[in-house]
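I have placed the structure first, in the form of structure tokens, so that the comments after it can refer back to it.
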Amino acid sequence: MAEGGADLVIGIGNPLRGDDGVGWWLAERAEQLPPGTPTRGPLLVRTVQQLTPELAAELTDVRRVLFIDAWWPPGPSTGIHQAPERPQALEAGGDGGSVAALAVTASNGRHAPRPSPHLQRLDVLTPEHRPAIHEEGAFSHHLDPARLLAITALLYGAAPQGWQLLVPAFAMPHGQGLSLPLRQLLPAAEAQLRHWLAAAPATDA
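Residue numbers (our numbering): 17 to 221.
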């Protein structure tokens with residue numbers, strides 16, 4: 017990607033399905049936040065219900081891209097969602113950027129950690145793992161971020177530095193509005209978003 021290109025935030029989800037709209041909420045919030053550094057390029061914001069191959073063309077002039085999506089954590093039938101191992105994350109410095117785990121109470125009265133928003137760098141797929149043009153589903157209209165970046169590299173010869181911010185979802189009823197447990201996590205999610213906006217991208221090899 018060209019030096020000095022734009023940063024792109026893509027909010028993924030359906031704002032008419034409860035917590036599934038958190039990607040849109042945070043993407044729109046990104047537009048309201050001040051630039052992280054004076055040298056940062058322009059910020060572009062996009063909201064989509066799902067990733068499609070057509071988005072690859074929009075990534076060609078982008079320096080960095082952040083995909084924001086709701087994440088439905090797996091958990092036992094008790095309804096407690098155990099926090100997974102934290103993936104490689106871009107940690108905000110200081111206490112203000114840390115993500116505190118909230119607690120939920122199990123039927124036996126004990127507490128378990130509630131999953132927290134987490135920001136992770138997306139691995140770059142090596143050529144042998146990139147989708148082939150003839151591969152079934154390679155250009156499906158239901159892609160994950162890593163696959164979209166792979167398609168971008170395949171078609172255009174390069175892809176931006178990719179990151180993903182996943183925010184735990186707790187309820188996805190029909191209608192607008194975020195659940196109370198998710199709203200309690202919004203400050204932590206926004207702290208991750210702010211840190212990404214302020215961070216300088218790694219130098220291309």
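A virtual CB, placed ideally from N, CA and C, is assigned to each residue, including glycine.
State the Cα-Cα distance for the pair A214 and L59, rounded to the nearest angstrom.
11 Å
Enumerate, from N- to C-terminal direction, the unbroken alpha helix (DSSP H) stretches of 4 or more residues contained entirely within the stretch 33-75.
38-48
Report the option in Q136, F186, P131 and H134 whose CA atom is closest to the CA atom of G37.
F186
Just to confirm my understanding: we take L49, look at its own chain, exclude 5 residues before and 5 after, and list those with CB closer than 7 Å. What are they?
R210 and L213
Using DSSP's beta-bridge definition, name the partner residues of F186.
In DSSP, F186 forms no bridge with anything.
Looking at V240: is its Cβ nearer than 8 Å to the Cβ of G178?
Beyond the ends of the chain as shown, which are 17 and 221, falls residue 240; an answer cannot be given.
For P189, count neighbouring C-beta atoms within 10 Å of its own C-beta (all shown protein chains included) and say buried if the count is 16 or more, exposed if not.
exposed
CB E206 to CB L32, shorter than 8 Å?
no
Going by C-alpha distance, which of A166, I84 and E47 is nearest D139?
A166
Can you tell me whether I26 is buried or exposed? The criterion is at least 16 other CB atoms within 10 Å of its CB, across all chains shown.
buried
Closest residue to Q208 among I84, P161 and V78 (Cα-Cα distance):
I84
Residue closest to L67, alpha-carbon to alpha-carbon, out of L164, E74 and V61
L164
So does W40 have its beta carbon nearer than 7 Å to some heavy atom of the ligand ADP?
No copy of the ligand ADP appears in this structure; indeed no ligand is present at all.
Tell me the DSSP bridge mates of A85?
What sits at residue 85 in the sequence shown is Asp, not Ala. Bridge partners of D85: L182.
Span of the alpha helix (DSSP H) around Q228
The chain is shown only over 17 to 221; residue 228 falls outside these bounds and no answer can be derived.
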